[in-house]
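Residue numbers (the working numbering), protein chains in the order written: chain C, 4 to 81; chain D, 12 to 157.
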């Protein structure tokens, strides 16, 4: 999970490493993900988002499809 | 409150206060138990995907968003420099601490430095991008690679 200066830099990196280009995430979307995942992490009752919660969080940010599905079997068994 | 929850709270409090991973003895003192009990809790918390441990079973590699080892992703909050596990977690640290800060990282391809102020409402508009090569279903297969 890495930062890149531009889409061109992502494409260069993927090509160099033979890695598929995945959906790109904007900085404002990444902040929303960070808040959804971690804003309560220091509280006693905090826990990791469960699969249904993950899907809802991703969908609320327009991040949909098999890549964001925590239970997808499209990429092999988890 | 059960022991595992006490240990989890103590681990996160330690990271937040010290900006480094705790030794098992430090958690034992915070919780008021022995090191063997802490290590038993660590193993259960690993199984629950709360912590990621080094192979020794007692050194914390990750208590997301905090990293137990130095990385290229740093969150500066309240004068402390916290290592994050990844780009996502570098935003997660100021989010978890509920404080303003600065994220320092880099473009993985060009190595251009990134320095981004994080306000209470997040970072200012930026055209930098985030890319994750591993699908969500496989993030915990190898969390270090992810």
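Heads up, the beta-carbon is just placed ideally off N, CA and C, and yes, glycines get one too.
Pair within 8 Å by beta-carbon distance, residue i and residue j
i: residue 28(D); j: residue 6(C); result: no
i: residue 98(D); j: residue 104(D); result: no
i: residue 171(D); j: residue 133(D); result: Outside the modelled stretch of chain D, which goes from 12 to 157, sits residue 171(D), for which no answer is possible.
i: residue 60(C); j: residue 36(C); result: yes
i: residue 123(D); j: residue 87(D); result: no
i: residue 42(C); j: residue 106(D); result: yes
i: residue 52(C); j: residue 40(C); result: yes
i: residue 14(D); j: residue 48(D); result: yes
i: residue 33(D); j: residue 46(D); result: no
i: residue 63(C); j: residue 69(C); result: no
i: residue 157(D); j: residue 4(C); result: yes
Residue interval of the beta strand (DSSP E) (run including residue i)
i: residue 149(D); result: From DSSP, residue 149(D) is part of no beta strand (DSSP E); its letter is neither H nor E.
i: residue 72(D); result: 71-74
i: residue 29(C); result: 27-29
i: residue 5(C); result: 5-7
i: residue 140(D); result: 140-142
Rounded Cβ spacing between residue i and residue j (contact assumed at less than 8 Å)
i: residue 37(D); j: residue 53(D); result: Contact doesn't hold; Cβ gap of about 13 Å is too wide.
i: residue 13(C); j: residue 142(D); result: 5 Å
i: residue 151(D); j: residue 31(D); result: That belief does not hold up - the Cβ atoms of residue 151(D) and residue 31(D) are roughly 24 Å apart, past 8 Å.
i: residue 29(C); j: residue 127(D); result: At roughly 13 Å, the Cβ-Cβ gap does not stay under 8 Å, so residue 29(C) and residue 127(D) are not in contact.
i: residue 65(D); j: residue 72(D); result: 5 Å
i: residue 57(C); j: residue 24(D); result: No, residue 57(C) and residue 24(D) are not in contact; Cβ-Cβ is about 26 Å, not under 8 Å.
i: residue 74(D); j: residue 22(D); result: 5 Å
i: residue 17(C); j: residue 24(C); result: 5 Å
i: residue 77(D); j: residue 26(D); result: 4 Å
Which residues DSSP lists as bridging residue i, in chain order
i: residue 24(D); result: For residue 24(D), which the question treats as bridged, DSSP gives no partner whatsoever.
i: residue 77(D); result: 74(D), 95(D)
i: residue 128(D); result: 113(D)
i: residue 133(D); result: 130(D)
i: residue 63(D); result: 73(D)
Delimiting residues of the alpha helix (DSSP H) encompassing residue i
i: residue 61(C); result: 54-63
i: residue 50(D); result: 46-58
i: residue 37(D); result: 35-42
i: residue 16(C); result: 10-20
Original post:
What runs of the alpha helix (DSSP H), each 4 residues or longer, lie entirely inside the region 81-124 of chain D?
Top reply: Taken in chain order, the unbroken stretches of alpha helix (DSSP H) that lie wholly in the region 81-124 of chain D and span 4 residues or more are 98-108.
Original post:
Name the residues in the region 35-48 of chain C whose C-beta lies less than 7 Å from a C-beta of chain E; which are they?
Top reply: Although the question refers to chain E, the structure presented lacks it and instead comprises the protein chains C and D.
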